[in-house]
Structures are given as structure tokens and as C-alpha cells.
Amino acid sequence: MSKKATVYVRLKDGVLDPQGVTIHKALNQMGYSEFASVRSGRFFELEIAGGSEDIDSRLQEVCSRLLSNPVIENFHIEKE
Amino acid sequence: MKVGVVTFPGSNCDYDAYAAIRHVMGEQATFLWHQSTDLEGCDLIILPGGFSYGDYLRAGAIARFSPIMDKVVMFANSGGLVMGICNGFQVLTECGLLPGALMRNRHLRFSCRYVSIRAERTDTAFTGRCRQHEVLRIPIAHGEGNYFYHDDQIRRLEDNGQVLFRYCDAEGQVTSEANPNGSINNIGGIMNAEGNVLGMMPHPERAVEPILGSDDGLKILESVRHALSYQSV
């Protein structure tokens with residue numbers, strides 16, 4: 000059984016990411032001109048204690064109810 | 000009227016709202032603790048500004064799961080008046096009482112200054128005391144006030160007349176220079192389709208006496224008082 004889930008949350012395509020834009024500008028100023036764009040995001044590591052048979056649907060629920068805002072963000076889950 | 004001001008851990012404009020209602024307007028006000036599940040018979044619920052739960056995760060994302068928010072949602076769904084200011088607006092979008100989302104300011108800086116906003120309608124519970132397109136001087140203080148909604152949905156919002164306040168210049172012109180945070184269509188405040196829930200980034204409770212620089216915020220609070228007195232007759 001999986002012990003850990005990693006959740007990646009990022010802004011949906013088409014939603015402006017001012018942090019990514021600013022980081023991209025900084026890279027250009029530093030001379031790293033080979034990158035066309037930067038998108039920022041975040042990730043969460045959830046250690047699974049067990050006790051839930053439908054862990055996949057519970058994870059989906061947690062991601063859409065709390066860890067991401069479905070209006071502006073997408074998420075994906077990787078389990079170890 | 001009796002106004003309930005919700006205090007979340009990290010709220011910091013709850014006393015400003017309380018003082019505006021109690022001391023400036025002479026109305027009843029009470030604090031409602033986030034763990035409470037009793038709205039104490041209030042006619043208006045204010046979700047104040049601040050940094051509830053340290054703005055961890057996303058602004059307002061954790062506050063919306065406070066015990067009191069279940070009651071606030073029920074109150075709003077039964078037609079009760081709810082007003083979210085700044086962080087309160089973020090809580091209202093997170094909990095789904097208002098559409099859209101508030102994102103990081105386009106320029107990434109925290110903005111704390113007076114701005115001008117224009118009242119887009121005067122036939123609502125929140126703007127009944129304003130003139131059509133009246134320009135109000137009200138301060139903002141936020142880092143995440145950049146209102147976002149997808150194109151087709153923003154059109155519906157506009158068509159429904161749910162945009163109540165727009166950032167503008169001193170003459171009431173809606174320009175990109177007057178937009179302090181990158182909000183789509185210069186949106187500073189919206190209401191739900193039913194017209195009983197308002198969210199706005201500017202702080203009307205901080206503009207209630209001339210000594211504060213403006214008392215234009217009173218027009219919004221007095222609109223609510225007027226609407227409520229009408230309701231009870």
C-alpha cells in the first residue's frame with residue numbers, strides 16, 4: 000500500500016502567473032535566455048496513516064476541496 | 000440594525016468594522032468568534048479584513064472551513080445580508096458564496112493607499128445611498144486582490160449586473176492606470192446573483208470619518224442600514 004502521496008498544484012493554462020513572469024524576467028536579466036517561460040506552482044507531501052480503503056477518492060476530495068482552488072488551479076497526485 | 004463581525008485567527012480589521020458600526024453609526028455590533036455556531040440574531044454579517052490563518056495555502060482557504068462559516072453560508076442562502084471586506088471577500092470566493100477568485104496582485108506588491116471606486120448600481124442593498132456612478136474614495140490594503148474569472152463567466156457576471164464597484168480615476172473614468180492590482184474589468188467589488196452577498200477589496204470601514212481622510216465608506220454601510228429598515232417595515 001502507498002505510504003505517501005505528493006500533490007502538485009499549478010495555475011490553469013491561461014491564468015496569469017505573475018510570480019512565474021517575474022522569475023522569467025529575472026532569469027533573462029541573469030543571462031539565462033534559453034527559457035521561453037516559467038510557471039510557478041507548489042506541492043504537498045501527504046503521509047498516509049492508513050485506515051481508509053478509498054484513499055484515491057479521499058485524495059481527490061482533499062485536493063479539490065482544500066489544496067487547490069478549482070476556479071484557477073489544476074492538481075495532480077503521485078503516489079509512492 | 001445588529002451587525003455581527005466575524006473574528007478569525009488573524010483577522011485585523013474586525014475592530015475597525017465594529018467601531019464604524021457601533022461608534023460612528025450608533026448601531027448594535029457584536030463579535031462572532033470563528034468557533035461559534037451562533038449568529039446571535041444579527042441582520043448583517045461582516046467578514047472583516049486581515050490575514051485569517053496567516054493566509055496559509057491561499058488567502059481565505061482555511062477560514063472558510065471554520066464552524067461559523069457553515070452558519071454564514073446558511074444565513075446567506077436564506078437571503079441574509081453578508082459583506083466580505085478584503086480578506087472577507089477572499090473567504091467568500093473560497094467558500095463559493097461569490098464567484099471567481101482573488102489572485103496575487105499583478106505587480107506582486109502589497110498595495111496600501113486610497114483609491115477611487117465607482118458605484119455601478121444604486122438599486123442594491125449595498126449601494127442604495129449612492130448616486131449612479133458616484134466616485135467613492137476608499138482605501139485598499141492587500142497583496143491578493145486581483146479579481147479573476149474566466150472570460151465567458153465574467154461576461155455572465157457583467158450581464159447580470161453583479162459588478163458593483165470598479166476602480167476608476169478621480170473623475171470616474173475606468174482606466175488601466177486606476178487599476179491597483181490587475182483585476183479583470185477593474186473589478187473592485189461584486190455581489191451574488193441574488194444581491195444579498197457583497198465582496199469588495201477596498202475597506203469602507205476605514206473611511207467613516209473625515210479625520211480618516213474620507214467618510215465615503217459610510218455610504219455603503221448606510222445603504223445597508225437603509226435596506227434593513229425598509230425590510231423590517
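Order-wise, the sequence lines are chains D and S. Letter by letter, the first sequence follows residues 0 to 79 of numbering that gives the first Met the number 0. Letter by letter, the second sequence follows residues 0 to 232 of numbering that gives the first Met the number 0. C-beta: ideal position from N, C-alpha, C; glycine also. Please read all numbers here as calculations on a predicted model, not as lab measurements.
Delimiting residues of the alpha helix (DSSP H) encompassing residue i
i, result
"THR123(S)", "THR123(S) -> no alpha helix (DSSP H), and no H or E assigned at all."
"LYS3(D)", "Here LYS3(D) belongs to no alpha helix (DSSP H); instead the beta strand (DSSP E) covers 3-10."
"TYR17(S)", "13-18"
"ARG155(S)", "150-158"
"GLN161(S)", "Neither: GLN161(S) is in no alpha helix (DSSP H) and is coded neither H nor E."
"ASN27(D)", "17-28"
"ASN234(S)", "Any answer about residue 234(S) is impossible in this case: the structure gives chain S only from 0 up to 232."
Extent of the continuous beta strand (DSSP E) to which residue i belongs
i, result
"ARG41(D)", "40-46"
"ASN73(D)", "72-78"
"PHE88(S)", "It is not in any beta strand (DSSP E) - PHE88(S) instead sits in the alpha helix (DSSP H) that spans 86-93."
"GLN27(S)", "27-32"
"MET190(S)", "186-190"
Rounded C-alpha distance that separates residue i from residue j
i, j, result
"SER35(S)", "ILE219(S)", "27 Å"
"GLU79(D)", "LEU66(D)", "19 Å"
"ASN178(S)", "ARG112(S)", "12 Å"
"TYR31(D)", "GLY19(D)", "15 Å"
"HIS106(S)", "GLY188(S)", "20 Å"
"CYS62(D)", "GLU133(S)", "42 Å"
"ASN195(S)", "ALA75(S)", "7 Å"
Cβ neighbours of residue i in the same chain (closer than 8 Å, five flanking residues each side left out)
i, result
"TYR55(S)", "ILE61"
"GLN27(S)", "MET0, LYS1, VAL2, ILE20 and ARG21"
"ARG63(S)", "VAL90, GLU93 and CYS94"
Cβ shell of residue i (< 7 Å), same chain only, five flanking positions each side left out
i, result
"MET102(S)", "GLU143, ASN145 and PHE147"
Residues near residue i by beta carbon distance below 6 Å, same chain, minus five either side
i, result
"ASN184(S)", "none"
"LEU227(S)", "MET0 and ASP42"
"GLY171(S)", "ARG117, HIS132 and VAL134"
Whether or not the stretch 74-84 of chain S and the stretch 147-163 of chain S are in contact is what I'm after, with contact meaning three or more pairs of Cβ atoms, one per stretch, closer than 8 Å; do they touch?
no
Subject >> Contact the stretch 86-103 of chain S vs the stretch 202-211 of chain S: 3+ CB pairs below 8 Å >> reply: no
Cβ pair count under 8 Å reaching 3, the stretch 2-13 of chain D against the stretch 31-46 of chain D = yes
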